[in-house]
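There are 2 protein chains.
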Amino acid sequence: MSDSTTVHPLEYIFHPQSIAVVGVSPDPNKHNVGRFFMTGLLNQGYRGRLYAVGLEGGDFQGMPIYLNIRDVPDTIDYTMVAIPSRSTIQLVRDAAEKGVKLMHFFTAGFSEIGGADESSLERELVYVAREKGVRVLGPNCMGIYYPKEGLTFNPTFSHRTGRIGFISQSGGNSIYAAHMAPRRGLFYSKIVSYGNGADLNESDFLDYMADDPETGVIALYVEGVRDGERFLHALRRAAATKPVIVYKGGMSAVGGSAALSHTGSIAGSGTVWKAALQQDGAIQVDDIDEMIDLSLLFDFMEPAAGQNTAIIGVGGGNSVLVADTWAAAGLSVPGFSPEIRERLKQELGGEAGSSYHNPMDIFAMFTIESLHKVIGILSGQPGIDNIMVHLPIGLISMVTTLPVTASTEILIQLPAEIKRRLLVVLYSPFTRDDVDLMLKSGKALYEGGIPVYPSAGRAARALKRFVQYHARRAAK
Amino acid sequence: MSDSTTVHPLEYIFHPQSIAVVGVSPDPNKHNVGRFFMTGLLNQGYRGRLYAVGLEGGDFQGMPIYLNIRDVPDTIDYTMVAIPSRSTIQLVRDAAEKGVKLMHFFTAGFSEIGGADESSLERELVYVAREKGVRVLGPNCMGIYYPKEGLTFNPTFSHRTGRIGFISQSGGNSIYAAHMAPRRGLFYSKIVSYGNGADLNESDFLDYMADDPETGVIALYVEGVRDGERFLHALRRAAATKPVIVYKGGMSAVGGSAALSHTGSIAGSGTVWKAALQQDGAIQVDDIDEMIDLSLLFDFMEPAAGQNTAIIGVGGGNSVLVADTWAAAGLSVPGFSPEIRERLKQELGGEAGSSYHNPMDIFAMFTIESLHKVIGILSGQPGIDNIMVHLPIGLISMVTTLPVTASTEILIQLPAEIKRRLLVVLYSPFTRDDVDLMLKSGKALYEGGIPVYPSAGRAARALKRFVQYHARRAAK
């Protein structure tokens with residue numbers, strides 16, 4: 012453990028001066044993971060020294076592909092490995108000679124297979140590595156994404172740095188999360204995909220991210236843990252310093268058995284997990300989308316926000332649905348006070364069909380001015396903690412495409428203190444043009460500092476958890 | 012009530028020989044609902060006689076706009092009305108002189124406002140109409156969509172006829188449902204949006220659709236009912252003949268009060284509704300998407316399908332998530348028998364990382380042949396009722412775009428008896444190209460007779476309700 016003045020013992024693994032990718036094919040037409048890693052590092056702008064290693068030799072974009080890692084004329088800090096499992100032990104021995112400190116194995120075919128031979132190979136891999144002073148990430152994983160240093164396992168990830176640290180047992184989930192979050196305006200400090208976790212595992216990275224000043228929120232996807240006690244200790248410590256969002260895969264019996272064959276994890280009872288996570292201050296979510304939905308609020312929203320929401324949007328049926336959704340999530344949609352209703356009526360007039368209730372259907376009076384006025388009147392009212400604006404793209408753009416774009420502008424230009432209590436739901440596109448409008452407006456909103464959701468249900472579940480987290484912290 | 016040899020007393024309202032749209036502006040630059048209705052009927056290919064009426068006169072695309080409905084030189088069966096509420100009573104009197112049998116009022120500003128004057132105006136409207144032998148649809152609604160006869164309230168709806176009849180208290184929900192279902196391969200016999208239901212209401216249309224030979228499945232969005240006993244009677248009768256899917260809006264207290272100001276409905280207690288719907292054989296869903304998700308199975312799937320699902324798809328983390336999702340919905344993912352596992356191993360070999368468990372991650376062996384083989388081996392196995400194939404577009408197309416397209420081809424070419432036990436989940440697109448691929452593959456699949464879902468959760472909830480419905484029917 013370390014305090015803020017010392018460097019965490021794992022810090023070095025995020026700052027390799029040189030990397031060797033092992034398992035690179037010279038054939039550009041081949042789908043080859045080694046080439047994929049090389050392209051990723053080059054695209055991401057990795058600034059250290061980069062080397063390719065592969066049995067066939069040749070070159071990768073003019074860079075020599077060394078037949079053996081020992082042939083690389085340099086010391087190497089970090090290897091990314093995609094070769095058959097049977098060749099990994101010898102590679103560890105060779106790599107250790109080059110001074111390698113961390114080996115990431117994309118290579119699968121170890122304990123996740125469930126056979127005695129494969130499990131024994133995994134144990135030997137770690138044994139040999141540790142004996143040589145080498146740490147192992149994986150096997151059966153994607154490795155490290157650290158945009159600030161240009162580290163990545165994928166050529167298409169964002170170059171932008173954010174405050175979310177994600178630790179993922181699943182490689183697929185790490186790729187999904189890395190792709191989806193930036194499209195919502197959310198960026199990562201670091202992502203670590205650790206797979207079977209044969210050496211470095213969830214507890215190591217929880218411990219690291221708890222101390223990491225670049226990480227403001229920790230997200231974790233875990234199927235099972237190696238050492239329950241150590242994990243709960245690391246979790247407790249992390250959750251005491253920053254929000255920790257946990258998506259536990261394999262909560263069901265059959266999901267648990269799927270986890271076993273995915274990363275060799277014993278998933279454990281869902282009920283026990285749920286209780287332990289809650290007791291230790293973690294926030295449990297049910298999938299990666301929910302993880303992103305909630306992280307968004309930690310990034311964008313006023314921490315003190317309560318659960319009383321004023322809902323403004325378009326469509327009578329939609330207003331009913333949204334109110335039901337908010338209630339189902341356990342949030343509150345308080346009635347407007349007589350004073351608020353009077354002010355709304357004064358400022359907006361009494362058009363037929365418009366109603367000054369919460370939720371408020373602004374369909375009949377859909378003008379830019381009215382949206383602006385309504386938010387102005389409602390924000391800062393006692394008993395209203397936050398405002399949710401829902402814009403069903405298809406229905407609105409059936410009349411004109413202007414209101415969505417113009418509404419977006421109005422929202423972005425609101426003062427920061429109002430924006431930090433605002434959620435927007437952009438939903439129900441009908442046409443391809445609607446989808447474009449939704450993406451464009453969504454981007455404008457998050458760049459303007461407003462969290463955007465694709466459905467009221469997802470916004471409600473995220474807000475509920477966010478409010479609960481802060482209420483629990485305040486009660487301590 | 013009628014049996015199949017007689018014509019239902021409401022049948023005539025779906026077959027008007029002539030229509031007058033009242034409230035048409037001559038200005039093409041104006042957003043005018045009357046023009047919208049005219050354009051809709053022309054686009055939809057309405058084959059009866061069509062007339063425009065509007066205070067400003069002039070013409071609509073060369074057709075004269077009559078100043079008063081009495082000036083139309085023809086008898087009129089049906090009017091679609093979008094004029095201010097204060098002018099509606101006189102219009103009813105004038106229309107009755109032209110022989111009008113059904114008047115649809117888009118016009119709002121009646122009982123949904125909550126004021127005594129507006130409610131009284133609505134009562135008077137119905138009183139005058141009934142006295143003249145005219146039935147009223149609405150007010151505050153969209154009216155009738157009946158693609159077979161070219162009736163519509165929207166210029167962009169599908170021209171294709173299907174088996175789903177949808178009765179919707181909300182106009183917005185009727186538009187949403189009309190747009191979304193065809194994009195999933197689901198089409199409507201009729202949609203009726205009835206708004207405040209001041210005269211014709213949910214019970215009338217339930218009764219009608221129960222007898223309608225063109226309607227195979229009835230879907231209903233209701234916020235509240237005028238006459239509870241009559242409604243439950245109509246529901247019971249309808250549910251005895253065909254599946255009735257009910258989305259009840261305003262289940263929560265706040266949603267109920269939103270319903271009151273939307274269509275003037277008393278929503279009633281959510282608990283009472285839930286019990287009544289279940290007892291009378293209806294299937295309750297929580298939103299329009301779920302309504303479509305479930306209708307899809309009634310259209311595409313083998314009715315006898317049980318809850319034991321073989322799950323095949325891409326990604327270890329995804330397999331864990333999907334299995335958890337299936338379990339959470341109360342469905343079963345049974346283990347493969349030793350015989351099945353042996354056959355899978357023989358036919359597919361023992362590639363590292365591939366696992367012959369249920370759920371089955373086919374990432375490591377993702378070839379067209381293996382997908383085809385796996386489905387061939389699993390279909391028709393005792394203890395496996397249906398097969399779910401999940402394809403995370405982004406993850407797969409990161410390697411190549413071929414497998415999704417090729418997998419789609421393989422699935423479409425399967426024999427009909429296998430396809431009628433198949434669900435496909437196409438999900439997690441990363442890029443714009445992925446979205447295109449998802450839409451294209453989705454279309455190919457539903458045109459090939461396979462239901463497609465955008466998430467495992469939505470597929471699971473639909474399948475659970477489908478299986479429960481058939482189990483309940485079989486137990487009777």
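In order, the protein sequences belong to chains F and X. Here the first sequence stands for residues 12 to 487, numbered as in the numbering used here. Here the second sequence stands for residues 12 to 487, numbered as in the numbering used here. We treat Cβ as the ideally placed atom computed from N, Cα and C, and that holds for glycine. As the structure is a prediction and not an experimental result, all values here were calculated from the model.
At what residue ranges does the region 309 to 372 of chain F contain a whole run of the alpha helix (DSSP H), taking only runs of 4 or more? With a minimum length of 4 residues, the continuous alpha helix (DSSP H) runs that stay inside the region 309 to 372 of chain F are 327 to 339 and 349 to 359.
Alpha-carbon spacing of F/R241 relative to F/A293, whole angstroms: Stepping through the first sequence from its first residue, residue 241 of chain F is reached at position 230. Stepping through the first sequence from its first residue, residue 293 of chain F is reached at position 282. If you draw a straight line from the Cα of F/R241 to the Cα of F/A293, it comes to about 15 Å.
Kindly confirm or deny that the region 339 to 348 of chain X and the region 316 to 329 of chain X touch, where touching means at least three C-beta pairs closer than 8 Å. Taking a cut-off of 8 Å for Cβ pairs, the region 339 to 348 of chain X and the region 316 to 329 of chain X touch, as three or more such pairs fall below it.
Select from the region 195 to 217 of chain F all residues with a C-beta closer than 7 Å to any C-beta belonging to chain X, and list them in chain order. Cβ contacts with chain X come from no residue of the region 195 to 217 of chain F.
Please tell me whether X/S330 has its Cβ less than 8 Å away from any Cβ of chain F. Reading the second sequence from its first residue, position 319 is the one you call residue 330 of chain X. Yes, its Cβ sits closer than 8 Å to a Cβ of chain F.
With 16 other Cβ atoms within 10 Å as the buried cut-off, status of X/K356: Against the second sequence, residue 356 of chain X aligns to sequence position 345. So X/K356 counts as exposed.
Grab me the residues of X/G173's own chain with a C-beta within less than 7 Å of its C-beta, minus the 5 sequence neighbours each way, in chain order. Taking the first residue of the second sequence as position 1, residue 173 of chain X is located at position 162. Within the same chain, X/G173 has close Cβ partners L197, F198, Y199 and S200.
Is F/V265 close to chain X? Criterion is C-beta to C-beta, closer than 8 Å. Translated into positions along the first sequence, residue 265 of chain F becomes position 254. Yes, its Cβ sits closer than 8 Å to a Cβ of chain X.
State yes or no: is the beta carbon of X/A269 nearer than 8 Å to at least one beta carbon in chain F? Sequence index remark: in the second sequence, residue 269 of chain X carries index 258 (1-based). It does; some Cβ of chain F falls within 8 Å.
Quick check on F/H273: buried or exposed, where buried means 16 or more other Cβ atoms within 10 Å of its Cβ? The count along the first sequence starts at 1 and reaches residue 273 of chain F at position 262. A buried status is given to F/H273, since no fewer than 16 other beta-carbon atoms sit within 10 Å of its beta-carbon.
How about F/H26 and F/E160: do their beta carbons lie closer than 8 Å? In the first sequence, residue 26 of chain F corresponds to position 15, counting from 1. In the first sequence, residue 160 of chain F corresponds to position 149, counting from 1. A distance below 8 Å separates the beta carbons of F/H26 and F/E160.
Which residues in chain X sit within 8 Å of F/G260, going by Cβ to Cβ distance? As a first step, residue 260 of chain F must be located in the first sequence, where it is residue number 249. In chain order: G328, V331, L332 and D335.
Report buried or exposed for X/E213, applying the criterion of at least 16 other Cβ atoms within 10 angstroms of its Cβ. The sequence position of residue 213 of chain X within the second sequence is 202, counting from 1. Classification for X/E213: buried.
So what does F/R60 bridge to, in DSSP terms? Counting from one through the first sequence, the residue named residue 60 of chain F turns up at place 49. Paired residues: F/S29.
Drop a sphere of 10 angstroms on the beta-carbon of X/A286, count the other beta-carbons inside from all chains shown, and report buried for 16 or more, exposed for fewer. For this step, residue 286 of chain X is matched to residue 275 along the second sequence. With fewer than 16 Cβ atoms within 10 Å of its Cβ, X/A286 is classed as exposed.
Tell me which residues share the same chain as X/D218 and place their Cβ nearer than 6 Å to its Cβ, disregarding the 5 neighbours each side in the sequence. Within the second sequence, residue 218 of chain X is the residue found at index 207, counting from 1. If we look at X/D218 and ignore the five residues flanking it on each side, its Cβ neighbours are A245.
If we cut at 8 Å on Cβ distances, does X/P20 have a partner in chain F? The residue given as residue 20 of chain X occupies position 9 in the second sequence. Proximity of X/P20 to chain F, defined by a Cβ-Cβ separation below 8 Å, is not satisfied.
Please classify F/V283: is it buried, with 16 or more other beta-carbons within 10 angstroms of its beta-carbon, or exposed? Translated into positions along the first sequence, residue 283 of chain F becomes position 272. F/V283 comes out exposed.
Give a yes or no on whether the minimum CB-CB distance between X/A427 and chain F is below 8 Å. By 1-based counting over the second sequence, the position of residue 427 of chain X is 416. At a cut-off of 8 Å between beta carbons, X/A427 makes no contact with chain F.
Distance cutoff 8 Å, beta carbons only. Does X/N184 sit that close to anything in chain F? Here the question's residue 184 of chain X lines up with position 173 in the second sequence. Yes, X/N184 counts as interfacial toward chain F.
The ligand NAP and X/D128: does the residue's C-beta get closer than 7 Å to at least one heavy atom of that ligand? Inclusion of the ligand NAP in the displayed structure is not the case, the ligand content being empty and no account of it being possible.
Whole-number beta carbon distance between X/A470 and X/V436, since they are thought to touch under 8 Å: Along the second sequence, read from residue 1 onward, the residue named residue 436 of chain X stands at position 425. Along the second sequence, read from residue 1 onward, the residue named residue 470 of chain X stands at position 459. Rounded, the Cβ-Cβ distance is 5 Å, consistent with contact.
Whole-angstrom distance between X/K253 and X/V111, CA atom to CA atom: Residue numbering aside, residue 111 of chain X sits at position 100 when the second sequence is read from its first letter. Residue numbering aside, residue 253 of chain X sits at position 242 when the second sequence is read from its first letter. So the alpha carbons of these two residues sit roughly 32 Å apart.
Tell me, to the nearest whole angstrom, how far the beta carbon of X/A189 is from that of X/I175; I am working on the premise that it is less than 8 Å. Within the second sequence, residue 189 of chain X is the residue found at index 178, counting from 1. Within the second sequence, residue 175 of chain X is the residue found at index 164, counting from 1. In this structure X/A189 is not in contact with X/I175, their Cβ atoms being roughly 10 Å apart against a cut-off of 8 Å.
May I ask you to verify whether the region 307 to 315 of chain X touches the region 246 to 265 of chain F, counting CB pairs closer than 8 Å and requiring at least 3? Under the 8 Å Cβ criterion, the region 307 to 315 of chain X does not count as touching the region 246 to 265 of chain F, having fewer than three qualifying pairs.
Which residues of chain X have a Cβ atom closer than 8 Å to the Cβ of F/E133, listed in chain order? Taking the first sequence and counting its residues from 1, the one referred to as residue 133 of chain F is at position 122. Chain X residues near F/E133: none, gap ~12 Å exceeds 8 Å.
Report the option in F/G468, F/E301 and F/D38 whose CA atom is closest to the CA atom of F/G73. To locate residue 73 of chain F, count along the first sequence from 1; it is residue 62. Selected option, being the one with the closest Cα: F/D38.
Kindly say whether F/A339, judged by its beta-carbon, lies nearer than 8 Å to any beta-carbon of chain X. Here residue 339 of chain F refers to the residue found at position 328 when the first sequence is read from its first residue. For F/A339, at least one C-beta of chain X is nearer than 8 Å to its own C-beta.
Output, in chain order, the set of chain X residues within a Cβ distance shorter than 9 Å of F/V436. Start at 1 with the first residue of the first sequence, and residue 436 of chain F comes out as number 425. Identification of chain X residues near F/V436 by a Cβ-Cβ cut-off of 9 Å yields none; the smallest Cβ-Cβ distance measures about 13 Å.
Assumed close pair X/S181, F/G328 - CB separation to whole angstroms, cut-off 8 Å: The residue you call residue 181 of chain X lines up with position 170 of the second sequence. The residue you call residue 328 of chain F lines up with position 317 of the first sequence. At roughly 3 Å, the Cβ-Cβ gap stays under 8 Å, so X/S181 and F/G328 are in contact.
Please confirm whether X/L406 has its beta-carbon closer than 8 Å to some beta-carbon of chain F. Indexing the second sequence from 1 puts residue 406 of chain X at position 395. For X/L406, the answer is yes, since a Cβ of chain F falls inside 8 Å of its Cβ.
Quick one: which residues of the region 340 to 353 of chain X get their C-beta closer than 7 Å to a C-beta of chain F? List them in chain order. Cβ contacts with chain F come from V344.
Contact residues within the region 438 to 449 of chain F, judged by C-beta distance below 7 Å to chain X: The residues in question are S439 and F441.
Closer than 8 Å between beta carbons: that is the criterion. Which residues of the region 59 to 77 of chain X meet it against chain A? Structure shown: chain A not included; protein chains present are F and X.
Can you name, in chain order, every residue of its own chain whose Cβ lies under 7 Å from the Cβ of F/L406, other than the five neighbours on each side? In the first sequence, residue 406 of chain F corresponds to position 395, counting from 1. Correct list, in chain order: V325, G326 and S439.
Considering only residues of the same chain and omitting the five flanking positions on each side of X/S96, which have a CB-CB separation below 8 Å? As a working note, residue 96 of chain X is residue 85 in the second sequence. The residues T118, A119, G120, F121, E129, L132 and P150, in chain order, have a CB closer than 8 Å to that of X/S96 in the same chain once the five nearest residues on each side in sequence are set aside.
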